[in-house]
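To convert, note that position 13 of the sequence shown is 36 in the working numbering; the numbers rise steadily by one, no gaps. Virtual Cβ for every residue (Gly too), placed ideally from N, Cα, C.
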Amino acid sequence: MFCPRVMGCNALGSLQKFHVLSSCPSQWLRSMSSTAHTGSVFKWAVPKPRYYPSEEDHKKYGGDPEQPHQLHVVYRIRSALRRPYWEKNMVKTLGLTKKRYPVIHKNTPSVNNRLNTIKHLIEIKPLKLPQGLPTEEELQHCYINSKGELMIHKCLEPIEQKQIGPN
Numbered sequence: 024m025f026c027p028r029v030m031g032c033n034a035l036g037s038l039q040k041f042h043v044l045s046s047c048p049s050q051w052l053r054s055m056s057s058t059a060h061t062g063s064v065f066k067w068a069v070p071k072p073r074y075y076p077s078e079e080d081h082k083k084y085g086g087d088p089e090q091p092h093q094l095h096v097v098y099r100i101r102s103a104l105r106r107p108y109w110e111k112n113m114v115k116t117l118g119l120t121k122k123r124y125p126v127i128h129k130n131t132p133s134v135n136n137r138l139n140t141i142k143h144l145i146e147i148k149p150l151k152l153p154q155g156l157p158t159e160e161e162l163q164h165c166y167i168n169s170k171g172e173l174m175i176h177k178c179l180e181p182i183e184q185k186q187i188g189p190n
C-alpha cells in the first residue's frame with residue numbers, strides 16, 4: 024500500500040515505492056509487535072480442563088488421594104483430522120478411532136504419558152464401580168454408562184414352571 028498523501032508515486036517504479044513507504048508517517052505503518060495479540064486470551068481459545076483429580080472428587084466418590092483409581096474411561100471428543108501424524112498414530116494405538124466411544128485403560132505412568140500427548144483430543148474419567156467388580160458370568164452383561172460407571176445389567180432367570188392341571 025502507498026501513503027494517501029502521495030498517490031502519484033506508484034507509477035515511478037519499485038525504487039520509488041520503497042521511498043514512498045519509508046516516508047509514511049509512523050502511524051500508518053504497523054510493526055509486527057503491534058499486530059501480535061499481547062492482551063488477555065479469548066475464552067473460546069482456552070480449552071476446558073477435562074479431568075483433574077481433586078480432594079472434593081475423592082470425598083464425593085469415596086476415593087483416597089494416596090490410592091488413585093485403577094482404570095480410566097477415555098473418550099475421544101475431537102477429531103484427529105488436520106493433526107500431526109504422531110497424534111493420529113497415538114489415537115489408533117489407544118483404540119480411540121470412534122468419537123464418544125468409551126475405551127478403558129489402566130492408570131499407569133506409561134499409559135498416562137501416551138494420553139498426555141493427545142490430551143487436547145480426549146476426555147478422561149475415572150471408572151467407577153457402584154455395583155462392585157463383576158464376576159466372570161456377569162462380564163457379558165456389563166456396560167459403561169455416560170457417567171463413566173460400569174453397570175451390570177442382570178438378566179432375569181425364569182422361575183421353575185409348574186404344571187397346572189390334574190394331578
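In this structure, does DSSP put residue 108 in helix, strand or coil?
The answer is helix: DSSP assigns residue 108 an H, G or I state.
So for residue 149, helix, strand or coil by DSSP?
Strand at residue 149.
What residues in its chain sit with their C-beta under 6 Å from that of residue 149, if we drop five residues either side in the sequence?
Only 92 meet the Cβ criterion.
On the premise that residue 128 lies in contact with residue 19, defined as a C-beta separation below 8 Å, what is that separation, rounded to the nearest angstrom?
Look at the range of the chain in this structure, 24 to 190, and you will see that residue 19 is not part of it.
Going by C-alpha to C-alpha distance, which of 78, 185, 108 sits closest to residue 89?
Among 78, 185, 108, the Cα nearest to that of residue 89 belongs to 78.
Going by beta carbon distance, what residues of the same chain come within less than 8 Å of residue 171, once the five residues before and after it are set aside?
Around residue 171: 96, 125, 148, 149, 150, 151.
Check for me: the beta strand (DSSP E) holding residue 173 runs from which residue to which?
Element bounds for residue 173: 173-175.
State the DSSP-derived secondary structure class of residue 163, mapped to helix, strand or coil.
Three-state result, residue 163: helix.
For the beta strand (DSSP E) that contains residue 94, what are its first and last residues?
94-99 is the span of the beta strand (DSSP E), which, as asked, contains residue 94.
If contacts are defined as beta-carbon pairs under 8 Å, then residue 122 and residue 99 qualify, I think. What distance do you get, rounded to the angstrom?
So it is a contact: roughly 5 Å between Cβ atoms.
Along the alpha helix (DSSP H) that carries residue 132, what are the first and last residues, could you check?
Start and end: 132-140.
When the Cα atoms are used, what is the spatial distance from residue 135 to residue 117?
Between residue 135 and residue 117, the C-alpha separation is close to 11 Å.
Can you list, in chain order, the residues of its chain with a C-beta nearer than 8 Å to that of residue 138? Leave out the 5 residues immediately preceding and following it.
95, 97, 117, 128, 145, 147, listed in sequence order.
Just to confirm the assignment, what range does the beta strand (DSSP E) spanning residue 182 have?
Taken as a continuous stretch (DSSP letters only), residue 182 belongs to no beta strand (DSSP E), as it is neither H nor E.
Leaving out five residues on either side along the sequence, give the residues of the same chain with a beta carbon under 6 Å from the beta carbon of residue 109.
Counting only Cβ-Cβ distances below 6 Å, and skipping sequence neighbours, we find nothing.
If I measure Cβ to Cβ from residue 56 and keep anything under 7 Å in the same chain, skipping five residues before and after, which residues do I get?
Caution applies to residue 56, whose pLDDT of 43 falls short of 50 and renders its modelled position unreliable; the value that the coordinates give is listed next. Counting only Cβ-Cβ distances below 7 Å, and skipping sequence neighbours, we find nothing.
What's the gap between the Cα of residue 174 and the Cα of residue 166?
Distance between the alpha carbons of residue 174 and residue 166 is about 5 Å.
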